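Using the numbering used here, read the sequence shown as starting at 140 and increasing by one per residue. In this text, a Cβ means the ideal position worked out from N, Cα and C, and glycines have one as well. Predicted, not measured: the structure shown is a model, and the values here were computed from it.
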Amino acid sequence: MSDPEGDPETEKLLDECEAWFIGNGIPHFIDDYTASEDVWTRTVEFLTLVFLAELALTFGGSLAGWAQAAAFLLGLGVVLTAVALLNRFRGRSPFARPNDIEAGELGLFVFVPPVLALIGGHNDFWGFVGVIGLNVALLVGTYIVVAWGLLSMTRWGLILMWTYLSQIVQLLGRILPLMLLFSAFLFLNAEVWQVVNGFTTTLFLGVLFGLVLIGLSFLTGAMRGAIGELQWFDSWEEVNRELDDTPLEGFDPCGFEGRPQAVPLSRKAKVNLTLRLVVGLAAQVLLVTLLIFGFYVLFGVITVRADTVLQWTTLDSLDDEMLASFSFRGDEIVLTKLHLVAAGFVASFSGLQFAVSLVTDSAFKRDFVDGSNAEVREAIAVRAVYLRLTKSL
């Protein structure tokens, strides 16, 4: 995005802001964000690598020896010729990196590999269709990941998780009392162990998936409402206070006329911002869930002995469920699959409770949510100045 007046310093600042948006997992904050220029161009290296790897389709058919070598060279020639012709048609040098990617380039990626398969002697019709389908699916997945900054969001969530993990003692002191008050009686309950004993792997994973969906839906709904508050700035001085450690640090927006008020966000920008907030909170929920799971595995090994498991589940033997056993001062300690399933079942409910507490309990919001909100507020402040610099605000 370049400044309408063509000022080099402003253009440089805008480019840095756009790179910062992408790196922070909010690419839809970029003004006039398009697939051809802003999304697909960031996938060139990856798609080129996949495209070249699909030259392997010239191998493995009915050919061998020199015929196989000739098929590979012919396939390579087809790839290079197709790329060169398309680039020339688009007004670029034959092997130039494209500055925009449209239907022609995407069609090349989808339809040339099946031709390579035919050259290699793969004549199966459904195999031909399968290569096309696989490439289309790869394009769709790549677009979703890059267009919405999912990799950057995930990296941010993992960093946030590591931050809290480094403060694990403090974290456990805050969450365990409330979580255990809710879940300890659930874990030490015969009916729960009977339920988990009846789980198949598919059913158990389905239950976990359902709880995850409920938690994500709740967090998403709550974060949508929070964005409206984070968008509002009363003055450019307030915006300026949020610009530290951003590309706009040192830039003073206080000379701008008027008031920023509610910073404009497109529908996609709001969705992008909501996703980032949810990813950050979900990372914290995941960490808490894993900590509670680990606690209950250890707690269960110590308190729920083999005879208790047999009594609660009405099993005749634990031979098929046993993972480990050992003696400690004359007591037999066992770890079974049921210990893991029961701990996971209870921990997932505790994680859901923690997710609800994150957005409803003021103490939890202060300890766990406000940090994420501060980073989002910073991003919105950068967008406010960015839009004013592009003459769009």
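Sorted by chain position, which residues of the same chain lie with C-beta nearer than 7 Å to residue i's C-beta, five sequence neighbours on each side aside?
i	result
E517	E381 and T385
V480	V335, F338 and F343
S511	L416, G419 and L420
F432	A482, G483 and A486
R227	P233
V155	Checking the sequence shown, residue 155 turns out to be Glu, not Val. Hits under 7 Å: P386.
Output yes or no for whether 8 Å exceeds the beta carbon distance between residue i and residue j.
i	j	result
G288	G394	no
L255	L196	yes
T281	T182	yes
L225	L247	yes
V515	L369	yes
G349	A494	no
V251	V218	yes
I366	L430	no
W332	L477	yes
A242	A174	no
T428	L457	no
A422	L299	yes
V489	S322	The identity of residue 489 in the sequence shown is Ser, whereas the question assumes Val. Taking 8 Å as the Cβ cut-off, S489 and S322 qualify as a contacting pair.
P233	A223	yes
S487	L347	yes
D506	R313	yes
F372	A513	no
I292	Q492	The sequence given here places Met at residue 292; Ile does not occur at that position. Not in contact: M292 and Q492 (Cβ atoms no closer than 8 Å).
Give me the DSSP bridge partner(s) of residue i.
i	result
A401	W371
M461	T475
F467	D470
Looking only at its own chain, which residues have a Cβ that is under 8 Å from the Cβ of residue i, when we skip the five neighbours before and after it?
i	result
P143	In this predicted model, P143 has a pLDDT of only 45, less than 50, meaning its place in the structure is not dependable; the value taken from the coordinates is given anyway. Contacts found: T529 and K530.
G269	none
T119	Residue 119 lies beyond the range of the chain shown here (140 to 532); nothing can be said about it.
V508	L420, L497 and V498
I472	V440, I441, R444, S464, F465 and S466
L152	P386, L387, F390 and L528
T359	T413 and V417
G296	V418, G419, A421 and A422
V249	I271, N274, V275 and L278
R363	K409 and T413
Apart from the five residues on each side of it in sequence, which residues of its chain come closer than 6 Å, Cβ to Cβ, to residue i?
i	result
A523	V378, P399 and V402
F484	V335
V189	none
V498	A361
P392	W375, V378, N379 and V524
A158	none
P253	F267, V270 and I271
L532	Only weak support exists for where L532 lies, its pLDDT of 42 falling under 50; the value from the coordinates is given anyway. So the qualifying residues of the chain are L526.
G214	L194, T197, L255 and I258
For the alpha helix (DSSP H) holding residue i, just list the boundary residues, first then last.
i	result
F438	R406 to T442
E150	P147 to G162
Y303	L289 to L304
L257	A242 to I258
F264	F264 to A286
N512	D509 to L528
E330	A329 to N336
V222	G204 to F228
T197	T197 -> no alpha helix (DSSP H), and no H or E assigned at all.
W451	A445 to T452
Legend entry - Three-pair Cβ contact test at 8 Å for the segment 268-276 versus the segment 166-176: no
Inset, instruction - Would you be able to state if there are at least three C-beta pairs under 8 Å between the segment 400-417 and the segment 445-452? - result: no
Inset, instruction - Say whether the segment 318-335 touches the segment 455-470, bearing in mind that this needs 3 or more beta-carbon pairs closer than 8 Å, one atom from each stretch. - result: no
Inset, instruction - Could you tell me whether the segment 401-416 touches the segment 431-442, where touching means 3 or more Cβ pairs closer than 8 Å? - result: no
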